[in-house]
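Just so you know, we're using this note's numbering here: the sequence shown kicks off at 21 and counts up by one.
Structure first, commentary second.
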Amino acid sequence: MNYLRAKDLLKKFWVYGLKAIEEPGKIPFLLNGLIKGAHLYELLNIKKELDWLRKMNIKTVIDVGASYGQFASAWLYAFPNINVYSFEPDPGSFKLLRRKLGKFKNWKGYNTALGSHCGDQKLNVSEFRESSSFLAMAEVHSTEFPWTQKISPKVVKISTLDVIIPEIQMIPKVLMKIDVQGYELEVLRGAENTLRSIDIIIIETSFEELYRNGPLWDDIYEFLKSKGFEYRGSWDQLRAPSDNRILQQDAIFVKKSR
Numbered sequence: 021m022n023y024l025r026a027k028d029l030l031k032k033f034w035v036y037g038l039k040a041i042e043e044p045g046k047i048p049f050l051l052n053g054l055i056k057g058a059h060l061y062e063l064l065n066i067k068k069e070l071d072w073l074r075k076m077n078i079k080t081v082i083d084v085g086a087s088y089g090q091f092a093s094a095w096l097y098a099f100p101n102i103n104v105y106s107f108e109p110d111p112g113s114f115k116l117l118r119r120k121l122g123k124f125k126n127w128k129g130y131n132t133a134l135g136s137h138c139g140d141q142k143l144n145v146s147e148f149r150e151s152s153s154f155l156a157m158a159e160v161h162s163t164e165f166p167w168t169q170k171i172s173p174k175v176v177k178i179s180t181l182d183v184i185i186p187e188i189q190m191i192p193k194v195l196m197k198i199d200v201q202g203y204e205l206e207v208l209r210g211a212e213n214t215l216r217s218i219d220i221i222i223i224e225t226s227f228e229e230l231y232r233n234g235p236l237w238d239d240i241y242e243f244l245k246s247k248g249f250e251y252r253g254s255w256d257q258l259r260a261p262s263d264n265r266i267l268q269q270d271a272i273f274v275k276k277s278r
């Protein structure tokens with residue numbers, strides 16, 4: 021394993037441990053989730069917002085950029101009565117995703133990307149799967165996370181959420197998570213009709229250009245504001261290993277009228 025990657029993992033495990041013991045009363049929640057196959061880091065994110073999320077009474081989750089099921093596995097454990105629809109274009113990641121979550125009757129997976137058009141498109145599949153993107157990697161990304169640089173291009177299917185949404189039973193309230201490595205604005209542009217039925221969005225936003233020509237925080241904020249959403253805070257943050265500055269934020273947006 022790359023030395024810098026190993027160092028980054030050790031740092032994350034230390035942070036995970038500290039987060040896990042912040043609320044001792046919720047440790048059984050975490051342990052039971054791990055036993056049932058839920059992803060630890062996503063469980064920790066849910067744990068800190070658990071009371072608020074339960075009050076929101078979410079019934080449907082649209083998981084855009086599902087990777088191998090980190091986000092979805094935690095939500096299916098924490099909220100066993102929700103329906104989760106996951107979208108992942110990379111065939112290798114989708115195979116792992118389906119193997120992990122195919123046992124859940126309230127989960128459905130789509131081996132396709134989402135964007136602002138339909139067709140085929142080249143995906144830059146990173147050796148570190150979570151960094152795969154339709155956009156070229158920017159210098160900041162490759163410098164701070166060198167273990168993500170090795171790329172294998174693949175042609176994958178792409179559609180819009182507005183085209184696919186008739187297949188989905190959108191039971192209110194609806195949460196959409198978008199984590200597509202610089203392609204977030206294209207996903208939103210292809211979901212303008214669907215956004216009318218979305219209550220909460222958790223979306224990756226960048227403060228520095230990690231993918232060439234990708235949107236930054238202001239672009240996402242202004243777009244969602246124009247669609248009736250308001251910013252409500254941070255779900256999670258990505259920091260630079262070199263100096264700990266904040267590079268990205270998984271931002272929470274909530275529909276104003278809800």
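For each residue, glycine too, the CB sits at the ideal point set by N, CA and C.
The stretch 92-112 makes contact with the stretch 141-153; the number of CB pairs closer than 8 Å reaches 3 or more. Leaving aside the five residues that flank Ile66 on each side, the residues in its chain whose CB is nearer than 6 Å to its CB run, in chain order, Ala94, Ala98. Three or more pairs of CB atoms, one per stretch, sit closer than 8 Å, so the stretch 65-82 contacts the stretch 186-204. Exclusion of the five residues before and after Leu96 leaves Ala58, Ile102, Val104, Leu121, Phe124, Asn126, Trp127 as the residues of its chain whose Cβ lies within less than 8 Å of its Cβ. When secondary structure is reduced to three states using DSSP, Ser254 falls in the strand class.
Counting the other Cβ atoms within 10 Å of the Cβ of Pro173 gives fewer than 16, which makes it exposed. In the structure shown, Thr132 falls within a coil segment according to DSSP collapsed to helix, strand and coil.
Residue Thr180 holds the alpha-carbon nearest to the alpha-carbon of His137 among Leu117, Val176, Val81, Thr180. In the structure shown, the three-state DSSP call for Met190 is coil. DSSP assignment within the stretch 157-216 yields the following whole beta strand (DSSP E) runs of 3 residues or more, N-terminal first: 171-179, 194-198.
Around the C-beta of Gln189, fewer than 16 other C-beta atoms lie within 10 Å, and the residue is accordingly described as exposed. DSSP links Asp263 through a beta bridge to no other residue. Contact annotation: Arg252 and Phe273 have beta-carbon atoms nearer than 8 Å.
Between Val183 and the set Tyr203, Ile218, Tyr231, Glu212, the nearest pair of CA atoms involves Glu212. The Cβ atoms of Ala86 and Leu63 do not sit closer than 8 Å to each other.
A buried status is given to Glu108, since no fewer than 16 other beta-carbon atoms sit within 10 Å of its beta-carbon.
Remark: C-beta atoms of Tyr203 and Ser162 do not approach each other more closely than 8 Å. In the three-state scheme derived from DSSP, where H, G and I count as helix and E and B as strand, Ser151 is classed as helix. Between Glu228 and Val160, the CB-CB gap stays under 8 Å. Taking all protein chains shown into account, Asp71 has fewer than 16 neighbouring C-beta atoms within 10 Å of its C-beta and is therefore exposed.
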